[in-house]
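Residue numbers (the numbering used here): 637 to 964.
Here a beta-carbon is modelled for each residue, glycine too, at the ideal position from N, C-alpha and C.
Below you'll find the structure, written out as structure tokens, and then a few comments.
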């Protein structure tokens, strides 16, 4: 993994611990101490990781391994033992399968799952002549914790709209702690931060009712979107080709931000540069269990939510004006 993620200097490490402190609700001194202890403790006995890929496009792997910042990801990954990952491992054939078998037998590993699990007919997503569902259950049996990454692994995602009977990990594996890191693909910060939390506290982070870490999925995208002011002003985009409407709210064009919990609007993607709405596309709702089938068509307001929110905005505006008159 060194060749993929490079090295980190002390200054960058301290910078990242400050960011991590805020995410975990700890003081900088506290998190630096705990994180340092956790990393030191793993230097001789790296926490093993098995990363499986089911019905997926490898987008979550690409998102994660292509992350350039924070460089502290290199420390976290260097201190983990990635025993099995079909896309990035150098081994193949019997050598890789033997490593997988030995890791499962020993137990105590973190299982990362990318991609949905087909459950129809037993003929989809066959790996080495075995259904992916069978492999997943075998790996989950001795796992200390399971992290489902991306919309497909968490709730079924795009494959769930097709004929394969695709399901998320939580619908297939029972009796194990499962952390859902939705969005399509997974945000690399979400995965790195979850690993950091696990290393520091030895616990699963506080989760919402959908199994997502509250530190990343606490607020609606609509509430933190930079176009929110245009929504409040009633400036809702109607014509994609009108330059005046370029930054207007996209709710009438099917933006799912008002019903999607994630920190995309604050954290952004591509190392904090951009995200869907800033690119001019409405939120697809990929962090929610209803994605994709329940959120399509993507560029129309099927739910009627836009109308409901606009009525609420009008009522707030009327009340604001009434308060203004009373003040005068």
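Would you tell me roughly how many angstroms separate the C-alpha atoms of residue 847 and residue 815, rounded to the nearest one? Each residue's alpha carbon lies about 6 Å from the other.
Under the three-state reduction of DSSP, which class applies to residue 709: helix, strand or coil? Interpretation of residue 709 is limited by its pLDDT of 49, a score under 50 that renders its predicted location unreliable; no figure is taken from the coordinates.
Cross-strand partners of residue 854 (DSSP beta bridge): DSSP output for residue 854 lists no bridge partner at all.
Report back the beta-carbon spacing between residue 887 and residue 945 to the nearest angstrom; my notes put them in contact at under 8 Å. By a beta-carbon distance limit of 8 Å, residue 887 contacts residue 945. Their separation comes to about 7 Å.
Does DSSP classify residue 894 as helix, strand or coil? Residue state, collapsed to three classes: helix.
Here's the rule I'm using: 16 or more other beta-carbon atoms within 10 Å means buried, otherwise exposed. How should residue 874 be labelled? Exposed, by the Cβ-count rule.
Out of curiosity, what's the CA-to-CA distance linking residue 763 and residue 773? Near 14 Å, if we compare the C-alpha coordinates of residue 773 and residue 763.
Check whether the Cβ atoms of residue 808 and residue 750 lie closer than 9 Å to each other. No, the pair does not count as a contact, with Cβ atoms beyond the cut-off.
Exposed or buried, which one is residue 747 when buried takes at least 16 other CB atoms within 10 Å? Under this definition residue 747 is a buried residue.
Buried or exposed: where does residue 821 fall if 16 or more other Cβ atoms within 10 Å of its Cβ makes it buried? Looking at its Cβ environment, which holds 16 or more other Cβ atoms inside 10 Å, residue 821 is buried.
Specify, as a first and last residue, the run of the beta strand (DSSP E) that residue 717 falls within. Note, residue 717: beta strand (DSSP E), 717-721.
From the DSSP output, in three-state form, read off residue 678 for me. Low confidence applies to residue 678: its pLDDT is 46, below 50, so where it sits in the model is not reliable enough to give any reading.
Do residue 826 and residue 799 have their beta-carbon atoms positioned less than 9 Å apart in this structure? The criterion of a C-beta distance shorter than 9 Å is not satisfied by residue 799 and residue 826.
Distance between residue 834 and residue 678 (C-alpha atoms, nearest Å): Here the model assigns residue 678 a pLDDT of 46, short of 50, so the residue's position is not dependable and the matter cannot be decided.
Cβ-based neighbour list, residue 791, same chain, cut-off 6 Å, excluding 5 preceding and 5 following: Answer for residue 791: 804, 925, listed in chain order.
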